[in-house]
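To start, the structure under review is shown below, and the notes come after it.
Numbering (the numbering used here), first residue to last: 123 to 222.
What follows is the structure, given as structure tokens:
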């Protein structure tokens, strides 16, 4: 890691952000709850933000009939956009994609 990368990750942790660590031998990234800051044997990074999955939805309309959304939404998004619908189901057969 460069000096700038070290400073950035330590500052991220100081500011309350989550940090991940892995050994320089290439193990998987794991959450470092209390980092030891062993830059000789380990790499550190700010924990990447998880992208939200967006789906097409089957919704129960106010007329009692089911319909399919024509736009992909996160679960929070479909509840906000289609407030009049009381029931929602993900349409998993079409799959999902990550929100841009």
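Glycine included, each C-beta is placed from N, C-alpha and C at the ideal position.
query = Helix, strand or coil: how does DSSP classify residue 160 here?
reply = In the chain shown, residue 160 corresponds to position 38, counting from 1. Three-state DSSP puts residue 160 in coil, outside helix and strand.
key: Sufficient close CB pairs (3 or more, under 8 Å) joining the segment 137 to 146 to the segment 166 to 175   = With contact defined as three or more Cβ pairs closer than 8 Å, the segment 137 to 146 and the segment 166 to 175 are in contact.
query = How far does the alpha helix (DSSP H) with residue 209 in it reach, from first residue to last?
reply = The sequence position of residue 209 within the chain shown is 87, counting from 1. Careful: residue 209 lies outside any alpha helix (DSSP H) and carries neither H nor E.
Straight-line gap, residue 211 to residue 199 (C-alpha atoms, nearest Å) = Mapped onto the chain shown, residue 211 falls at position 89. Mapped onto the chain shown, residue 199 falls at position 77. If you take the alpha carbons of residue 211 and residue 199, they lie about 13 Å apart.
task = Report all residues from its chain with a CB closer than 8 Å to the CB of residue 190; omit the five preceding and five following residues, and keep chain order.
result = Within the chain shown, numbered from 1, the residue matching residue 190 stands at position 68. Same-chain partners within the cutoff: 178, 179, 180, 181, 213.
message = Beta-carbon within less than 6 Å of residue 207's beta-carbon, same chain only, minus the 5 sequence neighbours each way: which residues are those?
response = On the chain shown, residue 207 is found 85 positions in, with the first residue counted as 1. Excluding positions up to five away in sequence, the list reads 181, 182.
request  = Could you please give the first and the last residue of the uninterrupted alpha helix (DSSP H) stretch that includes residue 136?
outcome  = In the chain shown, residue 136 corresponds to position 14, counting from 1. Run containing residue 136: 125 to 136, per the alpha helix (DSSP H) assignment.
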